[in-house]
Structure formats: C-alpha cells, structure tokens
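In what follows, a structure is listed as structure tokens, so that the remarks can point back to it.
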Amino acid sequence: MTAVLEVSGLKTHFFTHAGVVKAVDGVDFSVNKGEVMGLVGESGSGKSITGFSIIGLIDQPGRIVEGAIRFNGDDIAGAPEETLKSIRGNRISMIFQDPMMTLNPVLRIDTQMMEAILAHEAMPKRQAWERCRDALGLVGIPSPEERLRAYPHQLSGGMRQRVSIAIAFLNKPDLIIADEPTTALDVTIQAQIIYEAQKLTKQTGTAMIWITHDLAVVAGLADRISVMYAGKIVEQGETDDVIDRPLHPYTVGLLGSVPTANNRGERLFQIEGMTPNMLALPKGCAFSPRCGFASEACQVPPPVEQVASRELRCYHPQSQVAAE
Amino acid sequence: MTVFVIRRLMQAFFVVFLMSVIVFFGVNIVGDPVYMFVSPDADQADIEAAIRRLGLDRPIWEQYFLFLKGAAQGNLGDSFVFGEPALKLILHHMPATLELAFSALFLSIVIGIPLGLFSGLYPDNPVSKGVMAGSILGFSLPTFWVGLMLILLFAVELGWLPSTGRGDTASIFGIQTSLATWDGIRHIFLPALNLSLLKISLAIRLTRAGVREAMGQDYVKYARAKGVSTSRIIFVHVMKNIMIPVVTVMGLEFGSLIGFSVVTETIFAWPGMGKLLIDAILQLDRPVVVAYLMIMVLFFVLINLVVDILYSILDPRVRLQDQGA
Ligand SMILES: Nc1ncnc2c1ncn2[C@@H]1O[C@H](COP(=O)(O)OP(=O)(O)OP(=O)(O)O)[C@@H](O)[C@H]1O
Ligand code: SF4
Ligand SMILES: [Mg+2]
Chain A
34 MTAVLEVSGL
44 KTHFFTHAGV
54 VKAVDGVDFS
64 VNKGEVMGLV
74 GESGSGKSIT
84 GFSIIGLIDQ
94 PGRIVEGAIR
104 FNGDDIAGAP
114 EETLKSIRGN
124 RISMIFQDPM
134 MTLNPVLRID
144 TQMMEAILAH
154 EAMPKRQAWE
164 RCRDALGLVG
174 IPSPEERLRA
184 YPHQLSGGMR
194 QRVSIAIAFL
204 NKPDLIIADE
214 PTTALDVTIQ
224 AQIIYEAQKL
234 TKQTGTAMIW
244 ITHDLAVVAG
254 LADRISVMYA
264 GKIVEQGETD
274 DVIDRPLHPY
284 TVGLLGSVPT
294 ANNRGERLFQ
304 IEGMTPNMLA
314 LPKGCAFSPR
324 CGFASEACQV
334 PPPVEQVASR
344 ELRCYHPQSQ
354 VAAE
Chain B
275 MTVFVIRRLM
285 QAFFVVFLMS
295 VIVFFGVNIV
305 GDPVYMFVSP
315 DADQADIEAA
325 IRRLGLDRPI
335 WEQYFLFLKG
345 AAQGNLGDSF
355 VFGEPALKLI
365 LHHMPATLEL
375 AFSALFLSIV
385 IGIPLGLFSG
395 LYPDNPVSKG
405 VMAGSILGFS
415 LPTFWVGLML
425 ILLFAVELGW
435 LPSTGRGDTA
445 SIFGIQTSLA
455 TWDGIRHIFL
465 PALNLSLLKI
475 SLAIRLTRAG
485 VREAMGQDYV
495 KYARAKGVST
505 SRIIFVHVMK
515 NIMIPVVTVM
525 GLEFGSLIGF
535 SVVTETIFAW
545 PGMGKLLIDA
555 ILQLDRPVVV
565 AYLMIMVLFF
575 VLINLVVDIL
585 YSILDPRVRL
595 QDQGA
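For the record, the sequence lines run as chains A and B. To convert a position in the first sequence, counted from 1, into our numbering, add 33. To convert a position in the second sequence, counted from 1, into our numbering, add 274.
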C-alpha cells in the first residue's frame with residue numbers, strides 16, 4: 034500500500050512567555066490511501082496541533098521545530114506558504130469541531146463553498162455552484178439549491194457539519210483531517226455524520242485522520258488507532274488489536290472509561306490524576322504520575338518499541354497475550 | 275419589516291412628544307427673554323405689550339398647548355429675534371451643518387477604517403502603535419482646542435486653508451453646498467477634520483478591535499484551511515463581520531456629529547444650525563432653541579431607525595420583526 038502521508042519525528046513547540054510548550058513532541062505515523070486513522074487522546078494532548086502542523090497552519094508563538102511531513106512523497110514541513118496554500122483545502126482538507134464557529138456567520142453557504150473550489154481552480158461560477166450543489170446532495174442534504182442560499186444560522190448543527198463534510202470532499206482531496214467533527218453534536222446526529230463520512234471515504238478512496246477524545250467513536254470507524262498523550266503517540270496499531278488488547282496503561286484507562294454492554298450499570302473507570310501540565314511535564318514517562326504500573330525504569334522516557342504489530346512507548350505492556 | 279418600521283415610528287412619536295414636554299418646560303425656566311427685546315428705558319406698559327406680543331402672558335401650560343397645536347401643523351413658533359418662523363430659520367441653516375457632518379463622517383470612515391484595519395492586522399508594527407497613540411489623543415483632546423490649533427497651524431502659520439465661513443457654494447441636485455466648489459472644499463476641510471477627529475479615533479478603535487477579534491475566530495482559520503487567499507479572508511470574511519458593529523456605531527454617532535458641530539461651527543464661524551443655536555441661546559430666543567432641540571430629537575430617532583434597518587441588511591442573523599417592542 035502507498036502511504037499518502039508519512040509523519041516522522043514531528044515536533045511542534047510553542048514558545049510562550051511562561052516557557053516552551055512541546056505540544057507535539059516526536060510524533061511518527063503514516064496513513065495509507067483510503068485508510069482511516071483514529072487519533073485519540075485527552076484534551077490538550079496535541080491532537081489538533083498535529084493536524085494543523087500537517088497543513089502548515091501553526092501560528093505564532095508556535096512553529097514546527099523538527100521532523101518531516103511527507104505528503105505524496107514530498108516533504109511539506111516548512112514548505113513555502115504558496116505551496117501550502119495550494120495544498121490546503123485542495124489535496125488535504127480539514128473539518129473542524131464546531132460547525133457553529135467555523136462557518137462564517139455573515140456569508141451564505143454558496144459563497145463559503147464556492148470559494149473553496151475557486152481558490153484552487155479557475156472555472157465559471159455556475160460550474161462551481163453546480164459542483165457545490167452536487168456535493169451537498171452527496172452528504173444527504175435535502176433540497177441543496179435552497180440550502181446553498183441559506184446562511185449558517187438557518188441550518189441545524191448536524192446540517193452545518195454535513196456542509197463542512199461536503200466542503201472537505203469538494204476538491205476530491207487525498208487526505209481529510211477531521212478534528213473532533215462530531216463532538217458538538219448529539220449522539221444520533223453523530224452516528225449519521227460518521228456514516229456519511231465513512232461512506233464518502235470508501236467511495237472516493239480518500240484517506241482520513243479522525244481526531245477524537247472518544248475511543249468508542251473511532252472503534253467502529255478507523256482502520257488504525259494512534260493514542261496520543263502529552264505530545265507523543267504512546268500506542269499505535271490496528272483498531273481491533275488496540276481495542277481488544279490494549280498494551281499501554283493509558284489506553285487501558287481510556288478503554289475502561291468507555292461505556293459498553295459489558296460494564297453497564299457498573300461505575301465507569303476514570304483515569305486518576307489530572308491531565309499533565311504541558312509546561313512542567315514529569316521527567317521520564319509523562320504518564321508516570323497517573324500510572325499504576327510505574328517503576329524505577331519509567332524515570333527515563335520510554336522509547337518507541339515494536340510490540341507484535343504495534344508501536345508502543347511503555348516499559349510495562351499490559352496484555353500478556355500480545356506482549357509475547 | 276413593515277410591522278417593525280410602523281412600531282418604531284410609533285415609539286418615535288412617543289419619544290418626540292416626551293421630549294417636547296421636557297424641552298418646552300426646561301427652556302421656559304431659564305432667563306426672561308422680555309428684557310432682551312425691550313429697550314432698557316422702556317416703561318411698564320411697553321414691557322407688558324412686549325410680553326403680550328411674545329405670548330408670554332399666558333399660563334405656561336397654555337403656551338405649551340398652543341405650541342403643540344402649532345407643531346402639529348408644522349409651525350414651531352416664530353423667532354423672537356428675527357420674527358420669522360423658527361423652523362424656517364433652522365431649515366435654512368441645516369444644509370451647512372449637514373454637509374459639515376457628512377464630510378466629517380466621510381473623513382472618519384476613509385481615514386479611520388483603513389488605519390484600524392492596518393493596526394488590527396499588524397498590532398506590533400510601529401506604525402500601528404503610532405496610530406493607537408494618535409487615537410488616544412483624538413479621544414482626549416478637547417474639540418475646541420484642536421480647532422484653535424488647526425486654525426493656528428493651517429490658517430495662520432502656513433496660510434494654506436481659510437479658517438472662517440463656508441466659502442463659495444454651488445448647487446448639486448438643487449442643494450446649495452460648499453462641496454460643489456473648490457473654494458468651498460477648502461473652507462470645509464478644517465472644520466470637517468476638526469469635527470471628525472473624535473470619530474476617526476472611534477473608527478480606528480472599533481475597526482482594530484473588530485479585526486483582532488475576527489482574526490482569532492475559527493471561521494478565519496477554517497477559511498485558511500480551505501486555501502482561501504489572505505486578501506479574500508481580510509476583505510470578505512473579516513470585513514463583512516466587522517462592518518456590522520462599525521456601521522452601527524458610526525451611524526449612531528452621526529447624531530452626535532451634528533450635536534458636536536455646535537462647538538466646531540462656533541470656532542470656524544460656520545453658518546450652520548449649531549451657530550444659530552448658540553446665538554439663540556445667548557439672545558434667549560426660546561422658539562429657536564426649542565425648535566432646534568425638537569429637530570435634533572427627530573434626527574436621532576430617524577438615525578436610529580435607519581441604522582437598525584442597515585444593521586438587518588448587513589447581518590443576516592438579525593430579523594427585525596423578531597425583535598420585541
Ligand atoms: N497558541 C498556543 N500557545 C501556547 N500553547 C498552545 C497554543 N496552542 C496550543 N497550545 C498547547 O498545545 C497543547 C496541545 O493542544 P491541542 O489543541 O493540540 O490539544 P488537543 O489534543 O487538540 O485537545 P482538545 O481535545 O482540547 O482539542 C495544549 O497543551 C495547548 O495548551
Ligand atoms: S512507561 Fe511506566 S509510567 Fe509510563 S505508562 Fe508505561 S508503565 Fe506507566
Ligand atoms: Mg483539539
């Protein structure tokens with residue numbers, strides 16, 4: 034399989050007055066054509082910054098300090114703005130969390146959709162408009178002509194997020210980064226949106242990175258899962274493997290906090306302790322203060338290790354089966 | 275929309291009525307105009323004749339009633355000084371004030387918005403810092419002082435621009451205006467600039483704050499993620515959003531421009547309503563003062579209405595008929 038995206042050794046740091054925030058600190062992963070990768074982690078773990086680094090939208094005081102982002106073979110980390118602009122929204126598009134905030138409230142849907150096409154391709158407006166209309170039809174929006182004339186506030190939250198998905202697919206990109214696109218929606222709508230997105234990736238062969246803090250969301254959607262903690266990917270592997278036999282204590286904790294048929298009625302497990310302060314990370318394994326399995330060895334940052342078909346940053350993998 | 279306008283007009287009518295009470299009775303408290311209009315050596319009979327002639331012998335509520343009756347027919351009383359209808363006097367002086375106010379509004383928009391945009395986009399640029407410092411001065415220096423300094427510099431020292439009067443006027447669309455002649459424009463520049471300084475500062479601050487806020491919004495980041503060009507983001511995405519508050523506030527400030535023109539007109543001897551008002555106050559010419567204030571109330575009410583309608587056109591989220599009374 035050919036990798037659409039290969040991220041290696043990516044480090045994106047923010048140089049704030051209070052100190053350096055290592056939001057992304059040595060991240061490696063790759064996404065193949067047509068593959069969906071789930072990027073999971075708690076709030077502040079660096080998921081969004083990873084996504085924004087890929088499309089080159091890191092603002093002051095942040096910057097990519099190290100690493101390569103190979104997109105279709107070319108390293109686009111630190112590429113000139115012109116190059117990045119021609120990729121954004123065209124070869125790599127992004128869906129944001131809150132459709133309420135991401136669509137401009139004072140511009141009509143057609144304006145906001147057509148500009149995504151016209152920014153990359155010169156064509157008659159009519160033709161661009163037709164493409165937008167068809168795209169809205171594809172994501173299951175009834176009477177698209179009418180919706181195109183609407184302003185964002187005239188659409189429901191779910192409808193707006195469908196519009197964002199339609200925009201993401203407009204230019205038939207190679208990769209879509211969906212940053213918690215369903216977090217702001219209620220559960221039924223969430224399921225519909227996931228369904229539409231999944232259907233479209235299958236149809237178009239577009240690769241996707243689905244960012245979420247909810248393992249349950251990606252369990253049914255992603256081919257592979259990367260679990261992120263404090264700027265590093267701590268466990269990465271095939272979805273089924275990771276869900277069935279989590280190796281990293283943090284993944285185990287995340288899974289324990291997901292309601293399932295088995296633990297119904299029981300008290301949900303919660304990972305102890307607070308999300309880490311990114312300005313003062315513990316020495317060694319960043320998870321150690323919250324980890325029940327921490328040992329002397331964990332005072333040294335765990336390197337990435339290949340365990341079975343998985344990549345792992347932990348000295349004490351949990352599931353015995355997989356560890357063999 | 276129609277319902278909204280009708281409801282607003284009814285509210286406006288009530289406000290105007292209320293103001294007429296306050297203004298009429300308020301003006302009647304200060305000073306006794308009779309002594310302004312009889313010669314110092316007049317005897318009691320002369321004075322009483324004058325009182326009767328001015329209608330001041332009647333009880334105040336009756337005077338007010340007569341005033342209302344006249345007002346309903348478009349007559350706001352005759353000037354004590356000129357003997358002409360006060361309304362006619364004011365309308366006669368209105369074009370000069372309006373052109374001054376419009377020129378000032380124009381200057382504040384064409385100077386204030388670009389400067390605010392620049393300093394909002396590049397807050398750390400030294401030029402932006404200079405602009406912000408200037409806007410603080412614009413806010414805090416008193417209008418009359420700045421007016422005098424402008425005269426001193428441009429009229430007296432440099433001799434570039436005239437400092438008094440309206441200059442030549444010519445007619446555009448049947449309105450006599452200074453803006454139609456070069457001499458007129460030379461005359462209006464200094465007073466308009468003087469009057470606009472406060473509003474330029476306001477426009478700068480509003481625009482800058484709006485730009486800074488909008489640039490941090492998700493919709494800007496999203497537009498960037500779509501590959502939209504920077505100029506389109508600034509002039510379409512950001513400007514369209516910030517024009518809403520800027521237009522609203524600048525529009526509402528138009529009334530205060532007319533109000534503040536009293537000071538500027540006095541300094542630059544601009545023959546507008548403001549100067550007429552000051553003269554009328556000094557001469558206790560009550561009908562003119564009352565008429566001026568009533569016209570100003572009408573202006574403010576009208577401006578508010580126009581701004582509300584403009585606002586609803588600019589901001590698709592605003593539905594006028596949805597707003598409660
Ligand atoms: N502009 C910035 N300046 C300083 N620190 C920043 C900035 N932007 C992000 N960070 C830091 O980078 C870290 C990662 O942020 P990121 O937005 O990627 O988290 P996330 O995993 O997407 O979380 P969430 O689930 O809340 O979206 C956070 O600790 C945050 O404080
Ligand atoms: S390395 Fe040690 S502290 Fe870190 S997760 Fe593994 S066991 Fe826990
Ligand atoms: Mg995020």
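Glycine is no exception: its CB is placed at the ideal position from the N, C-alpha and C atoms.
Taking residue 55(A) as the centre and dropping the five residues before and after it, the same chain places the C-beta of 46 and 264 closer than 6 Å to its C-beta, in chain order. Under the three-state reduction of DSSP, residue 167(A) is assigned to helix.
Taking the beta carbon of residue 127(A) as reference, the chain B residues within 7 Å of it are 499, listed in sequence order. A straight line joining the alpha-carbon of residue 329(A) with that of residue 321(A) spans about 10 Å.
In the DSSP assignment, residue 586(B) falls within the alpha helix (DSSP H) that extends over 560 to 588.
Residue-level contact by beta carbon holds for residue 135(A) and chain B, with a gap shorter than 8 Å. Neighbours of residue 123(A) in chain B, taken as residues whose beta carbon is under 7 Å from its own, are 501 in chain order.
Straight-line spacing of the CA atoms in residue 377(B) and residue 367(B) works out to 16 Å. DSSP places residue 268(A) in the strand class (E or B) of the three-state scheme.
When DSSP states are grouped into helix, strand and coil, residue 455(B) belongs to the coil group. Within the segment 382 to 406 of chain B, no residue has its Cβ closer than 8 Å to any Cβ of chain A. Every alpha helix (DSSP H) of 4 residues or more that sits fully in the segment 336 to 423 of chain B is shown, in chain order, as 360 to 395 and 400 to 414. Annotation: residue 310(A) to residue 387(B) spans about 41 Å, alpha carbon to alpha carbon. At a cut-off of 8 Å between beta carbons, residue 152(A) contacts chain B.
Under the 8 Å Cβ criterion, the segment 281 to 296 of chain B counts as touching the segment 571 to 591 of chain B, having at least three qualifying pairs. Fully contained in the segment 287 to 319 of chain B are the following alpha helix (DSSP H) runs of length 4 or more, in chain order: 308 to 311. With a threshold of 16 other beta carbon atoms within 10 Å, residue 214(A) meets it and is buried.
Residue state for residue 349(A) is assigned as coil, using DSSP reduced to three classes.
Under the Cβ criterion of 8 Å, residue 416(B) is not counted among the residues facing chain A.
A residue is called buried once 16 or more other Cβ atoms fall within 10 Å of its Cβ, and residue 236(A), having fewer, is exposed. For residue 184(A), the three-state secondary structure derived from DSSP is coil. Scanning chain A for C-beta atoms nearer than 7 Å to the C-beta of residue 486(B) yields nothing, as the closest lies near 13 Å away. Secondary structure of residue 340(A) (DSSP, three-state): strand.
By the rule that beta-carbons nearer than 8 Å mark a contact, residue 118(A) touches chain B. With fewer than 16 other beta carbons inside 10 angstroms of its own, residue 115(A) counts as exposed. The three-state secondary structure of residue 504(B), taken from DSSP, is helix. Not one heavy atom of ligand 1 sits closer than 7 Å to the Cβ of residue 369(B). Collapsing the DSSP output to three states places residue 61(A) in a strand. In its chain, beyond the 5 residues on either side, 61, 266, 268, 269, 270, 337 and 338 have a beta carbon closer than 8 Å to the beta carbon of residue 344(A).
Per DSSP, the continuous alpha helix (DSSP H) segment holding residue 537(B) begins and ends at 513 to 541. Remark: the C-beta of residue 327(A) is in contact range of ligand 2, defined as less than 7 Å to any heavy atom. Ligand 1 has no heavy atom closer than 7 Å to the beta-carbon of residue 548(B). Exclusion of residue 52(A) from the 7 Å shell around ligand 1 follows from its C-beta lying no nearer than that to any non-hydrogen atom of the ligand. In this structure, DSSP gives residue 129(A) a state outside helix and strand, which the three-state scheme calls coil. Given a length threshold of 4 residues, each whole run of the alpha helix (DSSP H) inside the segment 182 to 243 of chain A is given here in chain order: 190 to 202 and 220 to 237. Only residues of its own chain outside the window of five on either side were considered, and among them 369, 443 and 444 have a CB closer than 8 Å to the CB of residue 450(B), listed in chain order.
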